[in-house]
Amino acid sequence: MNFDVLVDRKNTGCFKWDGLKVVYGRDDILPLWVADMDFKSSPKIIEAIIERANHGVFGYPFASAEVFKPFIEWNNKRNNLYIDEEWILTCPGIVTAFCLGILAFTKEEEKVMIQTPVYPPFHSGVRDNNRVLIENELIEIDGYYTVDFEDFEKKIKNNHVKLFILCNPHNPVGRAWSKEELDKMAEICLKYDVKIFSDEIHSDLIFRGNKFTSILSLDEKYKGIIAAAMAPSKTFNIAGLFSSTVLIPDKDMKEKYKKLSDSLHIGSLNIFGLTAMEAAYKCGEEWLEEVLEYIEDNSDYMESFIKENMPEIKYRKPEATYLGWLDFRAIFPKAEDLNDFLVNKAKVALNSGITFGKNGEGFARINLGCQKSILTEALNRIKNMLDPTKRKQD
Ligand SMILES: Cc1ncc(COP(=O)(O)O)c(C=O)c1O
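Numbering follows this note's numbering, in which position 94 of the sequence shown is assigned residue number 94; successive positions increment by one, without gaps.
Shown next, in the form of structure tokens:
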């Protein structure tokens with residue numbers, strides 16, 4: 001694959017490129033925000049979709065056990081994770097999945113905990129469904145984030161938290177949580193009878209020297225409190241096909257989740273989504289290895305560009321996800337100043353860090369899933385506009 005080839009995504013009904021005016025108020029800016037990639041998906045997936053389209057009949061789909069076999073085998077082989085076919089439910093998207101989890105596993109006004117900074121729908125999913133949000137802030141040292149376990153336990157105990165939504169790997173800080181960290185989180189949750197919903201959408205976007213550990217691979221004793229959600233959407237750049245899985249080993253938890261999902265008639269997948277999912281896990285590995293290498297090169301390139309040209313910005317390479325978390329606090333501690341600089345001066349669309357939590361103020365998230373020429377242009381725009389503004393705002 002030649003990932004350097006530009007793909008014109010404008011006027012294709014794509015949020016990242018066509019939604020700029022609506023979200024940023026202008027469309028003369030370079031988009032490196034929404035978490036999808038600017039590359040074409042795997043040719044094997046595209047072929048499978050074309051073949052399915054050529055069939056010409058698009059009636060109601062049926063997800064047979066066959067469809068999930070490649071997904072199960074993939075996780076077994078790549079992630080050393082055993083998935084029982086019985087655990088699998090389907091859902092269009094992972095945000096829908098964790099919102100259903102919130103509704104199924106908690107009651108109104110009950111407490112749900114997240115670890116900030118984290119993907120904004122973790123916040124809104126809790127609040128919009130009339131649950132009370134509890135935030136356990138991650139600890140940041142030199143761009144490396146770890147869990148504040150003392151606060152984790154205190155928050156759970158003092159607030160009678162009922163559900164913890166885990167982001168693994170964690171968007172936006174790029175951590176692929178270790179088995180030891182996951183064990184500690186699960187142990188505390190088990191102790192206080194807190195259920196865990198683990199969003200594992202980024203599970204296959206892991207860089208060299210790092211490893212993904214699913215919450216589902218922990219000791220059997222935790223199975224009664226765990227639900228996890230996975231999807232080929234980020235991995236293979238098919239988010240618009242809305243095709244995800246929810247994995248729940250415990251029968252009661254699964255029944256609760258399924259009852260709610262059935263009552264809303266929301267579990268069924270799109271026919272092309274199913275086709276793509278099967279093809280992705282069956283034949284997408286080679287493409288994934290290549291794209292990961294390309295993204296990691298982008299990440300290395302950005303690291304050296306920043307060090308050389310604008311060292312006041314701090315960047316630590318992520319262990320996982322194609323998202324970079326840039327620390328602008330030395331120059332723009334305030335979110336409004338940083339946003340104004342990026343959008344109106346540098347003319348790049350990044351995600352404002354504060355939308356991930358108050359400890360995200362002064363940060364911005366950049367999407368590395370793009371052609372190197374786009375990344376280079378964005379970094380140059382930032383660099384060129386930065387010089388006159390190298391001063392702390394008061
Ligand atoms: C952690 C996380 N969860 C969920 C999503 C979105 O999932 P979906 O589009 O399947 O709802 C994203 C997208 O960026 C994400 O980063």
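Note that CB positions come from ideal geometry on N, CA and C, so glycine has one too.
- One alpha carbon belongs to HIS265, the other to THR146, and they sit about 38 Å apart.
- Here the alpha carbons of LEU274 and TYR281 stand approximately 11 Å from one another.
- Around the beta-carbon of LYS234, 16 or more other beta-carbon atoms lie within 10 Å, marking it buried.
- With respect to the 9 Å criterion, GLY267 and CYS91 are classified as neighbours on the basis of their beta carbons.
- Between ligand 1 and the CB of GLY13, the shortest heavy atom gap is not smaller than 8 Å.
- Residue selection by CB proximity (closer than 7 Å to any heavy atom of ligand 1) returns ALA35, GLY93, ILE94, VAL95, THR96, TYR119, PRO121, CYS167, ASN171, ASP199, ILE201, HIS202, ALA231, SER233, LYS234, ALA239, PHE242 and SER244 in chain order.
- Sequence-distant partners of ILE306 (beyond 5 residues in either direction) whose C-beta falls short of 7 Å from its own C-beta, in its chain, are ILE313 and TYR315.
- For MET277, DSSP assigns no beta-bridge partner whatsoever.
- For the set GLU86, ASP27, LEU323 and LEU260, the Cα lying nearest the Cα of VAL118 is the one of LEU323.
- Comparing alpha carbon positions, the residue from MET253, PRO169 and ASP262 closest to GLU319 is PRO169.
- Judged by beta-carbon spacing, MET230 lies within the 9 Å limit of ILE201, meaning their Cβ atoms are closer than that value.
- A direct Cα-to-Cα measurement between LEU338 and PHE332 gives close to 5 Å.
- Each residue's CA atom was taken as its position, placing PHE164 and VAL112 some 6 Å apart.
- Taking C-alpha positions only, VAL22 is separated from LYS16 by approximately 11 Å.
- In the structure shown, the three-state DSSP call for MET1 is coil.
- Under the three-state reduction of DSSP, ASN11 is assigned to coil, being neither helix nor strand.
- Distance from ALA239 to PHE212 at the Cβ level is roughly 19 Å; contact not present, criterion being Cβ atoms closer than 8 Å.
- DSSP assignment within the segment 308-384 yields the following whole alpha helix (DSSP H) runs of 4 residues or more, N-terminal first: 335-340.
- Around the beta-carbon of PRO249, 16 or more other beta-carbon atoms lie within 10 Å, marking it buried.
- The beta carbon of LYS155 sits closer than 7 Å to those of MET113, ILE134, ASN136 and VAL161, all from its chain and outside the five residues before and after it, given in chain order.
- Residue pairing by DSSP places VAL147 in no beta bridge whatsoever.
- The DSSP assignment places complete beta strand (DSSP E) segments of no fewer than 3 residues inside the segment 195-272 at 195-199, 226-230 and 244-247, in order along the chain.
- Between LEU89 and LYS258, the C-beta spacing is below 9 Å.
- In the DSSP assignment, VAL23 falls outside any beta strand (DSSP E) and lies within the alpha helix (DSSP H) extending over 20-24.
- PHE242 and VAL173 have their C-alpha atoms roughly 24 Å apart.
- Per the C-alpha coordinates, the member of PHE363, MET385, LEU379 and GLY357 positioned closest to PRO121 is GLY357.
- LYS111 has VAL132 and VAL161 as its beta-bridge partners, per DSSP.
- When rounded, the separation of the alpha-carbon atoms in GLU109 and ARG131 is 5 Å.
- With respect to the C-alpha of ILE382, the residue from LYS345, SER373 and GLN371 having the closest C-alpha is LYS345.
- Annotated three-state conformation of LEU138 is coil, per DSSP.
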